[in-house]
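K.L.:
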Amino acid sequence: MTTQPLTEPGTGRGPSPAAGETIVSLEGLEVHFPIRTGFLDTLLRRQHGVIRAVDGIDLTLRRGEVLALVGESGSGKTTTGRVVVKLTRQTGGTVSLDGRDVSTLWGVGRLRAYRRRIQLIFQDPYETLNPKHTIREFVAEPLVVNGIGSAAEREERVLAALESAGLRPAADFAARYPHELSGGQRQRVVIAGALVMNPEIIVADEPVSMLDVSIRTELLRLMLDLRAERGLTYLFITHDLSLAWVIADRIAVMYLGKIMEIGPAEQVIRSPHNPYTQALVSVSPTPEPPTPGQRAKRTILVGETPDAAHVPPGCRFHPRCPYAFDRCRVEEPPLFDVGGGQSAACWLAEGGRSLPVLPPRPEAATIAGSDAPSATTAGGSPA
Amino acid sequence: MNAAGSASAGRSPATGSSRTLPKLAVAGAPLLEVDDLRVHFSIESGTVRAVDGVSFRLENGEALGIAGESGCGKTTTALSLVGLLPANGRIDSGAIRLYGIDLVPKSENALRRYRWREISIVFQGAMNALNPVQRVVDQITEPIIERLGVPARTARKRAGDLLELVGIPRKRGGSYPHELSGGMRQRAMIAMALACDPAIVIGDEPTTALDVMVQAQILELLEDLRHKLGLSLILITHDLSVIAETCDRVLVMYAGRVAEEGSVDEVFRSPRHPYTQKLLSAFPNIRTDKRTLAVIPGAPPDLRHPPPGCRFAPRCDFAMAVCTEVVPPETAFAGVRVACHLYPAGSDGIPVTKPTADAIGATAPLVEAPLDEPPLDIANG
Chain A
1 MTTQPLTEPG
11 TGRGPSPAAG
21 ETIVSLEGLE
31 VHFPIRTGFL
41 DTLLRRQHGV
51 IRAVDGIDLT
61 LRRGEVLALV
71 GESGSGKTTT
81 GRVVVKLTRQ
91 TGGTVSLDGR
101 DVSTLWGVGR
111 LRAYRRRIQL
121 IFQDPYETLN
131 PKHTIREFVA
141 EPLVVNGIGS
151 AAEREERVLA
161 ALESAGLRPA
171 ADFAARYPHE
181 LSGGQRQRVV
191 IAGALVMNPE
201 IIVADEPVSM
211 LDVSIRTELL
221 RLMLDLRAER
231 GLTYLFITHD
241 LSLAWVIADR
251 IAVMYLGKIM
261 EIGPAEQVIR
271 SPHNPYTQAL
281 VSVSPTPEPP
291 TPGQRAKRTI
301 LVGETPDAAH
311 VPPGCRFHPR
321 CPYAFDRCRV
331 EEPPLFDVGG
341 GQSAACWLAE
351 GGRSLPVLPP
361 RPEAATIAGS
371 DAPSATTAGG
381 SPA
Chain B
384 MNAAGSASAG
394 RSPATGSSRT
404 LPKLAVAGAP
414 LLEVDDLRVH
424 FSIESGTVRA
434 VDGVSFRLEN
444 GEALGIAGES
454 GCGKTTTALS
464 LVGLLPANGR
474 IDSGAIRLYG
484 IDLVPKSENA
494 LRRYRWREIS
504 IVFQGAMNAL
514 NPVQRVVDQI
524 TEPIIERLGV
534 PARTARKRAG
544 DLLELVGIPR
554 KRGGSYPHEL
564 SGGMRQRAMI
574 AMALACDPAI
584 VIGDEPTTAL
594 DVMVQAQILE
604 LLEDLRHKLG
614 LSLILITHDL
624 SVIAETCDRV
634 LVMYAGRVAE
644 EGSVDEVFRS
654 PRHPYTQKLL
664 SAFPNIRTDK
674 RTLAVIPGAP
684 PDLRHPPPGC
694 RFAPRCDFAM
704 AVCTEVVPPE
714 TAFAGVRVAC
724 HLYPAGSDGI
734 PVTKPTADAI
744 GATAPLVEAP
754 LDEPPLDIAN
764 G
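So the sequences go chain by chain: A and B. Per our numbering, the first sequence runs over residues 1 to 383. Per our numbering, the second sequence runs over residues 384 to 764.
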């Protein structure tokens, strides 16, 4: 209920880690879940097809960066995050940490060292915290489970973690129960629970989407401050492209288990080279009334994301793509380098080309009246 | 009001009837008028004054957005309008006048005449609001039979028409809710809300759990229905961008009271209340080059013991001595209504103490510069 002092008000960003070396890399990662419709199927290991949750992605996480994995529900972003923290087994491809292949590293004992370095933060602080445990118990749990330190050392680390998460006085918060905290404070506790292991990488799955906007900024600031202080690396999973744009260095856009586009945050938003990214940018909500011109430029895709058991052939986005042509229906595009560290999986981006200009949506133009002067530049860069 | 031609001409695609006003309607009264509404909840540890003196109007064919964060009283306001407050909540005082008829003193039985038929509501989680073991079309047909007293066959036809109207193919009506996607379920909810051809539809966070693309589709549908059916909309949401997108007017609530109200253009382009200013700049705006987000320090007050004076004062950068003592009256100018001591009676919209650029720009940069580019200009102001 009180104002939590931020670790370092002001700039959230530390020294630019532009040259950060690769810390985690995923190569050709696949997670296919078998579809079994009943008990007998499970028993006989009989399956009726597969859900291709993650369907062959290459992704590198560089030390010290915030990489946002953006996608709608069913895009495979959460599954990718779970593979990185090794909560979900990949069915193909490799996962490496510091260049060492950890794909076959499984089992609680063997994963102990790995999990110290990579921690996960979940979306819902209400469900993550056990209502019957004090904050101290929650934050100390990973230490106890891993048999780290004496009781006194643990206490010290717990208090330090709470302090880093902006919960001060730490001793006071440690003795409380979750119901005595506000939503923002609970999420700080969850962050403290991740920090107590002194991780290098934090995979944050929608860490602020349950919070009110007024609280959200403080949490994001905290996460960025922690990066500056401790040199943390974040894989930030979110459905919110605008939020990704604000906090991430790079954005990777996923659709139906594939990466459609990846690149520096600003660049991906300003000049998307994949039609899906372009459509997402065009409908991203903004806190200002849209002008008729902006309305006309909007690309509202028809239909919904197909389910991952029935991935369309060719480019998986082609059935909803306003630009789709013959090749898209049969051949899946790889990620083409479009310059500046940005790549897009689209045949139109081959050779680094930009997307052609779409005519404005006719119905939108009618609603908006005739004054849609800039409507001819379909969602492109504002020069 | 009924004769207001254009609004009623396009109504009722399914029945083709034009709107007849309730018998008790007062001639010339506005469609909906909420006057000094106060709603209290009794809980073990005291009384929560969830809505504490809220007034607003809704004109025919208008879309009003009610914005605010959790606990500001926006959902309580909506539930009061349809008489669906939880058992421990009651309307303490104030009036809710529909066509001039005050609904507050009405019995539950009398309210039924108005709920769904005049005012209906679309709830947030379509998954929880639909009956999982009944076909969607039946769930829409039933209330039509019950409330409009039409034969089953007519009701069924109307249900099919409504489904088509909201973009669900008629044959999909035979599906159970779990067979539909989130967006489809929300469309079905909207069809249900339209079942009895209401004048006002309230959407309580109608798109909150949906993906952006589906949200865009649903908002487009609501906009479309509003024009086709001449509906009046009240959209309750924490997401200001949804209101910017769809509404004519916006009412910003904070801790049970109105902070600011006015046309969307005016309030979004020149917010007057410090809370509105902060709230707006706490949302990222992808169309600008400001990669900054505002911090609103502190938390909303405990509504069992709200602070005296302005409820936002403890978190406000411009709080003056008077703010912690005297409840700010609502001042109207330039088509907006603001409850803030910076704008005393007779104000023309210029705050009495000029907020310093520094204070407004307490949107300290969250991000200094993207990795591979020269630093962005993140000047505040």
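The beta carbon of each residue, even a glycine, is placed where N, CA and C say it ideally should be. Computed from a prediction, not measured in an experiment: that's the story for all the values here.
Shortest alpha-carbon distance to Glu-525/B belongs to which of Asp-544/B, Met-575/B, Leu-494/B?
P.N.:
As a working mapping, residue 525/B is identified with position 142 in the second sequence. Answer by Cα proximity: Met-575/B.
K.L.:
Report all residues from its chain with a CB closer than 8 angstroms to the CB of Gly-20/A; omit the five preceding and five following residues, and keep chain order.
P.N.:
Within the first sequence, numbered from 1, the residue matching residue 20/A stands at position 20. Cβ within range, chain order: Arg-62, Arg-63, Gly-64, Glu-65, Thr-233.
K.L.:
Taking the Cβ atom as the reference point for each residue, do Val-196/A and Pro-142/A lie within a distance shorter than 8 angstroms?
P.N.:
Here the question's residue 196/A lines up with position 196 in the first sequence. Here the question's residue 142/A lines up with position 142 in the first sequence. Contact: yes.
K.L.:
Between Lys-457/B and the rest of its own chain, which residues show a CB-CB distance below 6 angstroms, the 5 nearest in sequence each way excluded?
P.N.:
Taking the first residue of the second sequence as 1, we reach residue 457/B at position 74. Cβ neighbours of Lys-457/B beyond the five flanking positions: Ile-449, Gly-451, Ile-619, Met-636.
K.L.:
Spatial neighbours of Val-520/B within its chain, please: C-beta separation below 8 angstroms, excluding the five flanking residues on both sides.
P.N.:
Position 137 of the second sequence holds residue 520/B. Result list for Val-520/B: Arg-539, Ala-542, Gly-543, Leu-546, Gly-556, Gly-557, in chain order.
K.L.:
Tell me, please, whether the CB atom of His-239/A is closer than 8 angstroms to any CB atom in chain B?
P.N.:
The sequence position of residue 239/A within the first sequence is 239, counting from 1. So yes, His-239/A belongs to the interface.
K.L.:
In the DSSP assignment, the beta strand (DSSP E) including Met-260/A goes from what residue to what residue?
P.N.:
Locating residue 260/A in the first sequence gives position 260, counting from the first residue. Run containing Met-260/A: 258 to 264, per the beta strand (DSSP E) assignment.
K.L.:
So what's Ser-438/B in DSSP terms, helix, strand or just coil?
P.N.:
For the purposes of this step, residue 438/B is identified with residue 55 of the second sequence, where counting begins at 1. Strand, per DSSP.
K.L.:
Does any residue of chain B bring its CB to less than 8 angstroms from the CB of Ser-214/A?
P.N.:
Here residue 214/A is taken as the residue at index 214 of the first sequence, counted from 1. True, the Cβ-Cβ gap to chain B drops below 8 angstroms.
K.L.:
Of all the CB atoms in chain B, is at least one closer than 8 angstroms to the CB of Glu-304/A?
P.N.:
Position 304 of the first sequence, counted from the start, is the residue given in the question as residue 304/A. Answer yes: the Cβ-Cβ gap between Glu-304/A and chain B drops below 8 angstroms somewhere.
K.L.:
Exposed or buried, what is Lys-86/A when buried is set at 16 or more other beta-carbons lying within 10 Å of its beta-carbon?
P.N.:
Numbered from 1 along the first sequence, position 86 holds the residue referred to as residue 86/A. Buried, because 16 or more other Cβ atoms sit within 10 Å of the Cβ of Lys-86/A.
K.L.:
Do Glu-644/B and Arg-720/B have their beta-carbon atoms positioned less than 8 angstroms apart in this structure?
P.N.:
In the second sequence, counting from the first residue as 1, residue 720/B sits at position 337. In the second sequence, counting from the first residue as 1, residue 644/B sits at position 261. Cβ distance < 8 angstroms, so Arg-720/B and Glu-644/B count as in contact.
K.L.:
Nearest-angstrom Cα distance between Gln-278/A and Pro-319/A?
P.N.:
Within the first sequence, numbered from 1, the residue matching residue 278/A stands at position 278. Within the first sequence, numbered from 1, the residue matching residue 319/A stands at position 319. Those two C-alpha atoms are separated by around 16 angstroms.
K.L.:
Compare the Cα-Cα distances from Ala-642/B to each of His-724/B, Ala-461/B, Ile-551/B, Val-735/B and report the closest residue.
P.N.:
In the second sequence, the residue the question calls residue 642/B occupies position 259. Ranking His-724/B, Ala-461/B, Ile-551/B, Val-735/B by Cα distance to Ala-642/B puts His-724/B first.
K.L.:
Leaving out five residues on either side along the sequence, give the residues of the same chain with a beta carbon under 8 angstroms from the beta carbon of Val-311/A.
P.N.:
As a working note, residue 311/A is residue 311 in the first sequence. Excluding sequence neighbours, Val-311/A sits near Arg-52, Asp-55, Leu-256, Gly-257.
K.L.:
When DSSP labels each residue in this structure, what does Gln-119/A get in the three-state scheme?
P.N.:
In the first sequence, counting from the first residue as 1, residue 119/A sits at position 119. The answer is strand: DSSP assigns Gln-119/A an E or B state.
K.L.:
With C-beta atoms as the reference, is Gly-483/B less than 8 angstroms away from Val-417/B?
P.N.:
Stepping through the second sequence from its first residue, residue 483/B is reached at position 100. Stepping through the second sequence from its first residue, residue 417/B is reached at position 34. Against a cut-off of 8 angstroms, the Cβ pair of Val-417/B and Gly-483/B comes out as no contact.
K.L.:
State yes or no: is the beta carbon of Gln-507/B nearer than 8 angstroms to at least one beta carbon in chain A?
P.N.:
Looking up residue 507/B in the second sequence gives position 124. With 8 angstroms as the cut-off, Gln-507/B does not count as an interface residue toward chain A.
K.L.:
Could you name the residues of the segment 221 to 235 of chain A whose beta carbon sits closer than 8 angstroms to any beta carbon of chain B, in the order they occur along the chain?
P.N.:
Answer in chain order: Arg-221, Leu-224.
K.L.:
I think Gly-28/A touches Gly-92/A, with their Cβ atoms under 8 angstroms apart; what is that distance to the nearest whole Å?
P.N.:
Taking the first residue of the first sequence as 1, we reach residue 28/A at position 28. Taking the first residue of the first sequence as 1, we reach residue 92/A at position 92. The Cβ separation is near 6 angstroms, so the contact holds.
K.L.:
Taking Cβ positions, are Ile-121/A and Pro-207/A nearer each other than 8 angstroms?
P.N.:
Position 121 of the first sequence holds residue 121/A. Position 207 of the first sequence holds residue 207/A. Yes, they are a contact pair.
K.L.:
Could you check whether the segment 681 to 697 of chain B touches the segment 621 to 633 of chain B, counting it as contact only if at least three pairs of C-beta atoms, one from each stretch, sit closer than 8 angstroms?
P.N.:
The segment 681 to 697 of chain B is not in contact with the segment 621 to 633 of chain B.
K.L.:
List, in chain order, every chain C residue whose beta-carbon is nearer than 9 angstroms to that of Arg-674/B.
P.N.:
Chain labels in this structure do not include chain C; the protein chains are A and B.
K.L.:
For Gly-71/A, count the other beta carbons within 10 Å of its own beta carbon; 16 or more makes it buried, fewer makes it exposed. Which is it?
P.N.:
Reading the first sequence from its first residue, position 71 is the one you call residue 71/A. Gly-71/A comes out buried.
K.L.:
Compare the C-alpha of Glu-588/B against each of Gly-411/B, Val-735/B, Thr-459/B, Phe-666/B and name the closest.
P.N.:
Taking the first residue of the second sequence as position 1, residue 588/B is located at position 205. Closest by alpha carbon: Thr-459/B.
K.L.:
I think Ile-57/A touches Ile-259/A, with their Cβ atoms under 8 angstroms apart; what is that distance to the nearest whole Å?
P.N.:
Against the first sequence, residue 57/A aligns to sequence position 57. Against the first sequence, residue 259/A aligns to sequence position 259. The Cβ separation is near 5 angstroms, so the contact holds.
K.L.:
Just tell me which of Val-422/B, Glu-562/B, Val-437/B has its CA closest to the CA of Val-516/B.
P.N.:
Here residue 516/B refers to the residue found at position 133 when the second sequence is read from its first residue. Val-516/B has its Cα closest to that of Glu-562/B, out of Val-422/B, Glu-562/B, Val-437/B.
K.L.:
Could you check what DSSP says for Ile-733/B in three-state terms: helix, strand or coil?
P.N.:
The residue you call residue 733/B lines up with position 350 of the second sequence. Coil at Ile-733/B, not helix or strand.
K.L.:
What residue does the alpha helix (DSSP H) around Val-83/A start on, and which one ends it?
P.N.:
Here residue 83/A refers to the residue found at position 83 when the first sequence is read from its first residue. From DSSP, the alpha helix (DSSP H) with Val-83/A extends over 77 to 84.
K.L.:
Are the CB atoms of Ile-583/B and Ser-624/B nearer to each other than 8 angstroms?
P.N.:
Along the second sequence, one-based indexing puts residue 583/B at 200. Along the second sequence, one-based indexing puts residue 624/B at 241. Taking 8 angstroms as the Cβ cut-off, Ile-583/B and Ser-624/B do not qualify as a contacting pair.
K.L.:
Any C-beta of chain B within less than 8 angstroms: which residues of the segment 62 to 73 of chain A qualify?
P.N.:
Residues Glu-65, Glu-72, Ser-73.
K.L.:
Is the shortest distance between the beta-carbon of Ile-262/A and the beta-carbons of chain B less than 8 angstroms?
P.N.:
The residue you call residue 262/A lines up with position 262 of the first sequence. No, no contact with chain B.
K.L.:
Please confirm if the segment 121 to 139 of chain A is in contact with the segment 179 to 191 of chain A, defined as three or more CB-CB distances below 8 angstroms between the two stretches.
P.N.:
Yes, the segment 121 to 139 of chain A touches the segment 179 to 191 of chain A.
K.L.:
Just curious, the alpha helix (DSSP H) that Tyr-276/A is in, first and last residue?
P.N.:
Residue 276/A sits at position 276 when you count from the first residue of the first sequence. Taken as a continuous stretch (DSSP letters only), the alpha helix (DSSP H) holding Tyr-276/A covers 275 to 283.
K.L.:
Ile-300/A versus chain B: which residues are under 8 angstroms apart at the beta carbon?
P.N.:
Taking the first sequence and counting its residues from 1, the one referred to as residue 300/A is at position 300. In chain order: Met-596, Ala-599, Gln-600, Glu-603.
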